[in-house]
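In UniProt numbering, the protein residues as written are 1 to 402. Just so it is clear, CB atoms sit at the ideal spot from N, CA and C, and this is done for glycine as well.
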Ligand SMILES: Cc1ncc(COP(=O)(O)O)c(C=O)c1O
């Protein structure tokens, strides 16, 4: 399988990949966790389908679009160690996660949802709207002393009213990798539906849904995977699918039969719509192919080494606090500079051509509150990130710290 057999990423290989990435020529990009930089080939896949649509007619270009849709589905399945029928192509992380959540059906007073402290704010908002209407509750699972979600604490909270366990695997506002597989073991043992928000994990880590023990996993195309904006993946475990009724369908996801009855599409594609950007799916297919060719083990190793080097050098700057939690760390490096507002830090660096993120409490409200934080600066790395780029970021920060 390409994910395991590709050669490790040498400096020369990184240079070659950067040469094939138009955005890497002009900017010093440390916002790969917001959205990364697509390759020239991914852009070309998008342009050429738009061209096909323009020349043949958008509907008439549908044969190529269908082939590319199925190619993206198959590659996404390979990326997650799933079956193609377990994959829906979506328009982002939240649309997939939200569609699966809405498909869980009616909630009852007293139903409980257990979430990690780092749950993505959009998922929390979605759950809260439903829970408030139904009289259900949302409760945070305690974290261990490192800040990671604690599987033992989860086990101690369970009873027969728990209808969902939701985990954000790699939180947006910190370097933590939550123990998703250990949480999955608890969920499986008790037969409780388990959703993983893998928006930041897809394309950054090797992912094996069987090993994670999840029923649903969502991801975004534009982040570590370097796919286009407006793309995402949704995995739904085959045996879990019958428990989900989409909140709405269309002529693609549930065509009416001769008797006028809707017939739900067999696989996770029941969460797709007839209308979608076929050009973006072509781009997504290319980005998936590239990630698999580079190899997810290689990508993870390179991101880990780069992020650890960045963390060590950041921590050595007077006034910088690196806001890490957990034992295992991702490529998302959150930090603050004493006495300086993260938004101003972001702006000052941008003026020097260095792009970082700055995230508010709304992204991970429970965790930000627990840490007494309202805003963080975030430098998120890719396997494309070089030492020279880290040097430019540190230089900018050292000047601000003076
Ligand atoms: C952990 C996590 N979940 C969900 C999202 C939202 O993804 P999307 O904007 O594709 O819905 C993000 C975006 O940054 C994220 O970091």
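Helix, strand or coil for residue i per DSSP?
i           : result
residue 252 : coil
residue 67  : helix
residue 14  : helix
residue 171 : coil
residue 271 : helix
residue 139 : strand
residue 390 : helix
residue 383 : coil
residue 90  : strand
residue 233 : strand
residue 239 : helix
residue 34  : coil
residue 313 : helix
residue 8   : coil
residue 219 : strand
residue 294 : helix
residue 343 : helix
residue 160 : coil
residue 108 : coil
residue 228 : coil
residue 208 : coil
residue 395 : helix
residue 378 : strand
residue 360 : strand
residue 262 : strand
residue 329 : strand
residue 28  : strand
residue 286 : helix
residue 402 : coil
residue 144 : coil
residue 336 : strand
residue 304 : helix
residue 257 : coil
residue 75  : helix
How about residue i and residue j: do their beta carbons lie closer than 7 Å?
i           : j           : result
residue 6   : residue 295 : yes
residue 236 : residue 216 : yes
residue 175 : residue 273 : no
residue 116 : residue 79  : no
residue 239 : residue 218 : no
residue 210 : residue 93  : no
residue 281 : residue 83  : no
residue 32  : residue 382 : yes
residue 354 : residue 130 : no
residue 288 : residue 41  : no
residue 401 : residue 319 : yes
residue 151 : residue 182 : yes
residue 114 : residue 139 : yes
residue 385 : residue 172 : no
For residue i and residue j, I'd like the C-alpha separation in whole angstroms.
i           : j           : result
residue 368 : residue 259 : 53 Å
residue 47  : residue 66  : 16 Å
residue 323 : residue 335 : 5 Å
residue 186 : residue 349 : 44 Å
residue 201 : residue 212 : 13 Å
residue 391 : residue 307 : 13 Å
residue 170 : residue 299 : 16 Å
residue 126 : residue 64  : 35 Å
residue 408 : residue 85  : Residue 408 lies beyond the stretch modelled for the chain, which goes from 1 to 402, so this question has no answer here.
residue 25  : residue 389 : 11 Å
residue 59  : residue 342 : 46 Å
Below 8 Å on the Cβ atoms is my guess for residue i versus residue j; work out the distance and round it to an integer in Å.
i           : j           : result
residue 326 : residue 39  : With 8 Å as the limit, residue 326 and residue 39 do not qualify as a contact, their Cβ atoms being about 31 Å apart.
residue 302 : residue 35  : Residue 302 to residue 35, Cβ: 19 Å. No contact.
residue 243 : residue 253 : Not confirmed; about 16 Å, so no contact.
residue 136 : residue 107 : 5 Å
residue 49  : residue 285 : Not quite, the Cβ-Cβ distance comes to about 10 Å (not below 8 Å), so this is no contact.
residue 23  : residue 37  : 4 Å
residue 119 : residue 366 : 7 Å
residue 161 : residue 111 : 6 Å
For ligand 3, I want to know if residue i counts as a neighbour, meaning its beta carbon is within less than 6 Å of at least one of the ligand's heavy atoms.
i           : result
residue 197 : Here the bound small molecules are ligand 1; ligand 3 is not part of this structure.
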